[in-house]
Every structure is written in structure tokens, then in C-alpha cells.
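A short worksheet on the structure shown next.
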Amino acid sequence: MDLKEGCGSEASRETESGGMGSLGGPTSWQSFAHRSTLHSLRFIFPYSTSSSPYRSTSRRLLWSAALLASLVLLVLESTERLAYFLSYPHVTSVDAMVSGSLVFPAVTVCNLNAYRFTRLTQNDLYHAGELLALLDVHLQIPEPHLAEPHVLAFLTEKSNFTNYRPKPFSMQEFTERVGHDLKEMMLYCRFQGQECSHQDFKTHLPRSFIYVFRRAPRNAFWPRKTQTKPFQSIFGSIIC
Numbered sequence: 001m002d003l004k005e006g007c008g009s010e011a012s013r014e015t016e017s018g019g020m021g022s023l024g025g026p027t028s029w030q031s032f033a034h035r036s037t038l039h040s041l042r043f044i045f046p047y048s049t050s051s052s053p054y055r056s057t058s059r060r061l062l063w064s065a066a067l068l069a070s071l072v073l074l075v076l077e078s079t080e081r082l083a084y085f086l087s088y089p090h091v092t093s094v095d096a097m098v099s100g101s102l103v104f105p106a107v108t109v110c111n112l113n114a115y116r117f118t119r120l121t122q123n124d125l126y127h128a129g130e131l132l133a134l135l136d137v138h139l140q141i142p143e144p145h146l147a148e149p150h151v152l153a154f155l156t157e158k159s160n161f162t163n164y165r166p167k168p169f170s171m172q173e174f175t176e177r178v179g180h181d182l183k184e185m186m187l188y189c190r191f192q193g194q195e196c197s198h199q200d201f202k203t204h205l206p207r208s209f210i211y212v213f214r215r216a217p218r219n220a221f222w223p224r225k226t227q228t229k230p231f232q233s234i235f236g237s238i239i240c
């Protein structure tokens, strides 16, 4: 009888102590808030005694407002920085230096009017009329009403191929004869304080005259062998 009463008393004490622990102990969220390193979280969800100042409602509201304001500022700043990053910002810095003398590896001069119209012959029109867009594939004048009177008269005379017997045609000979001569185009030339002439230019003949000026300055090294580039490659350095 005493044993049963002792067991019953011990069980009742355990039940009471367990009930008090469940009623007065911290919840799982309060335990997490207390162990968290996030500032002010443990002050918003305290589980200390009722006499503790951290259980004051006003203090909890102040801490909650401070935490909420910090989170709002964090979200706004992060959003603004992310939008700035996605705009792919870049800064271009350009330094301009004024020099009284520039050293050019090469200066290329051309005439966009590749051929002289007045030098064309009947044989030139027969072989290269379509290439020059002066005649069509049938050796006829395309859209004669758009041509100027003197041009139309010249083409009409030269494009009469009735009973005409064409002669051999050479594109190089045609370019040398009909192309623009630099000696006739140049009025004045001066480079780095020195006079220059058409003899200082090297002539290239891909399909029209291309004149390359290359005069080495004093104490400068220039390659002995130079490779002639195609017309398309040196077109970017052309001065017209």
C-alpha cells in the first residue's frame, strides 16, 4: 500500500512538473529566436521572466519596427543594385594627345572615279561596258533618257557595234590607259616638313590606280619586303 502510494505520489509530481514545464517553458520559435544571431530577434520573441524588461510590449514593438525597417531598406537597396547590374553599365575613357608630327606606316590615295570617261574607246565599251555599268548585257545603253546629252551622244557613237570586230583586251592595259594619273591629280605635296611628289608614291593596280606613299623618317626601321594587300584590305586607309 505504501509502495503504491509512493509510486502514485512520484508520478503525480512528475506530471505536475511536466505540466509546469509545458506551460512556463519556451516554445520552439522562442528557442530559435534566442539562439539566432539575427540582431533584435531575441528581443522581439523573449521567454524570460515576467519581471524582465524585454517582455514589455512597447519594447517589442520598437524592436519589431526597427527590424522591419532594416529589412525594407535591405530589399530596396538590393533591388536597386541588381537593376543597376542588369543594365550592364560601362565607362569609356578616352585620352586625346596632340602631336605636332605623326609617323604613318603608309598613306594610301585613290580616286573613287576609277576611270576617265573621255578616254574610253569602242573596244573598251565592248569588253568592259557592262562592268562599268555603261551598257547592259546586250551591249545596249540602259535607260538612255536618264543620261546627260553629251554622255548619251558619246555612248551612242561608241556603242554602235554593227559590223564591229573586237580586238584583244587587257584589263591592266585598260587601267593604265584610262585610269587617273597621280601626276595629273596632285597639285601640292608636303610630308613632315619636306616636299614630296608623285615619284614618292608606289602604284598598285588591282582594278584601278592606288597610290601608296611611304617615306621612312630618320632613324626609323622599315621592313625591306612588303606584301601588297588586296584592294579591299587597304580601302580603310584610303584618303580621297
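Sequence positions in the sequence shown follow full-length UniProt numbering and run 1 to 240.
Note that beta-carbon positions come from the ideal geometry of N, C-alpha and C, so glycine has one too.
Alpha carbon to alpha carbon, what distance is there between residue j and residue i?
i, j, result
"W63", "T57", "10 angstroms"
"F201", "Y188", "13 angstroms"
"A133", "K183", "27 angstroms"
"V178", "G193", "33 angstroms"
"D181", "H145", "32 angstroms"
"F85", "Q172", "59 angstroms"
"G100", "P89", "36 angstroms"
"A147", "E195", "42 angstroms"
"T108", "E77", "56 angstroms"
Helix, strand or coil for residue i, going by three-state DSSP, please let me know.
i, result
"K202", "strand"
"I141", "coil"
"Q192", "coil"
"residue 257", "Outside the displayed span of the chain (1 to 240) sits residue 257, for which this structure offers no information."
Give me the DSSP bridge partner(s) of residue i.
i, result
"V107", "F213"
Identify the continuous alpha helix (DSSP H) that holds residue i and give its terminal residues.
i, result
"S174", "Checking the displayed sequence, the identity of residue 174 turns out to be Phe instead of Ser. Unbroken alpha helix (DSSP H) run through F174: 171 to 178."
"V151", "149 to 158"
"A128", "122 to 128"
"L182", "182 to 185"
"F43", "41 to 44"
Comparing the C-beta of residue i with each C-beta of chain C, is any distance below 8 angstroms?
i, result
"L182", "Absent here is chain C; the protein component of the structure consists of one chain."
Taking residue i and residue j to be in contact with their CB atoms under 8 angstroms, please state how far apart those CB atoms are, rounded to whole angstroms.
i, j, result
"F169", "N123", "6 angstroms"
"F213", "A106", "7 angstroms"
"N111", "M185", "7 angstroms"
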